[in-house]
């Protein structure tokens, strides 16, 4: 779970500032900054802004997820949040992400408000996406809609994108969930990767790719690893089968 954070005095707010970010930096130091001073903070490196409680009989399902994209272990509050972590981990446009690394504290026409966004996402182009994960049955409730409006307005002020998400697309999730089992680094089987990528210079089915070996158990695992890491490309909108076509991603040094 999250490391223990030291308690420090909170800075005094000034009435001229309407939106603050409250967070603990990578060293555990507590920070409270106006939004216009927090834009450039690398929030993906911060500690979680709060602890996720665990107790007997709770309805949430907290746990931890190892993110291959950043080689970090992140805490989550529910299985649904863990699903979105896994989807982000698979997304080639995502560099890294963090779970609840800050608290929004704001004042608007409806009064004061605060909110811990679920996932802070840093894309490979440097842009930011903020995700809130919510049970689909709760999304249309007035309290949730007000939270969405406030968080969206805050993100617009910061120049970030924002989405409230529920259940992911079933087909995409089925594929990502399967491939996630092969996301960890290759070790003894790393040499197999070059052979597979060479054989996939042009589109080929998974079955054809593995036909060189009579019992390709290791080679199949390496194939799925390469698919997770986008070194073998394929149509993620269709079911993953042996007749799925794959092809080697372009070499960045030659594009």
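Residue numbers (our numbering): 646 to 900. A virtual CB, placed ideally from N, CA and C, is assigned to each residue, including glycine. Keep in mind that this is a model prediction, so the values were computed, not measured.
Within its own chain, no residue has a Cβ closer than 7 Å to the Cβ of residue 701 once the five positions on either side in sequence are excluded. Boundaries around residue 800 are those of the alpha helix (DSSP H), 787 to 803, since no beta strand (DSSP E) includes it. Each of 794, 743, 792, 748 was checked against the Cα of residue 774, and the nearest Cα belongs to 743.
If only complete runs of 3 or more residues are kept, the segment 710 to 756 shows the beta strand (DSSP E) at 717 to 721, 739 to 744, 747 to 753, in order along the chain. In the DSSP assignment, the residues bridged to residue 890 are 850. Each of 863, 684, 846, 853 was checked against the Cα of residue 831, and the nearest Cα belongs to 863.
Contact check for residue 666 and residue 747: beta-carbon distance about 5 Å, within the 8 Å limit, so the pair qualifies. A Cβ-Cβ distance of about 5 Å is found for the pair residue 726 and residue 778, placing them in contact under the 8 Å criterion. Judged by DSSP secondary structure, residue 865 falls within the alpha helix (DSSP H) whose first and last residues are 862 to 873. Listed in chain order, the non-local C-beta contacts of residue 811 below 8 Å within the same chain comprise 725, 778, 779, 780, 781, 784, local neighbours out to five positions each way being set aside. For the set 723, 885, 768, the Cα lying nearest the Cα of residue 715 is the one of 768.
In the structure shown, residue 817 falls within a helical segment according to DSSP collapsed to helix, strand and coil. Residue 763 is classed as buried because its beta carbon has at least 16 other beta carbons within 10 Å across all chains shown.
When the Cα atoms are used, residue 855 and residue 828 turn out to be separated by approximately 19 Å.
About 6 Å separates the beta carbon of residue 813 from that of residue 728, a gap short enough to meet the 8 Å contact definition. Annotation for residue 841: the continuous alpha helix (DSSP H) segment containing it runs 835 to 844.
In this model, residue 866 and residue 825 are separated by some 11 Å (Cα to Cα).
In the DSSP assignment, residue 806 falls within the beta strand (DSSP E) that extends over 806 to 810.
Residue 667 has 677, 748 as its beta-bridge partners, per DSSP.
By the Cβ neighbour-count rule, residue 749 is buried, with 16 or more other Cβ atoms within 10 Å of its own. Going by C-alpha positions, residue 895 is about 34 Å away from residue 691.
7 Å or more divides the Cβ of residue 707 from the Cβ of residue 717.
By DSSP's assignment, residue 777 forms a beta bridge with 809. Nearest to residue 847 by alpha-carbon distance, out of 805, 883, 891, is 891. Beta bridge pairing from DSSP links residue 765 with 743, 775.
Of 888, 837, 873, 694, the smallest CA-CA separation from residue 734 is found for 873.
For the pair residue 802 and residue 680, the CB atoms are nearer than the 7 Å cut-off.
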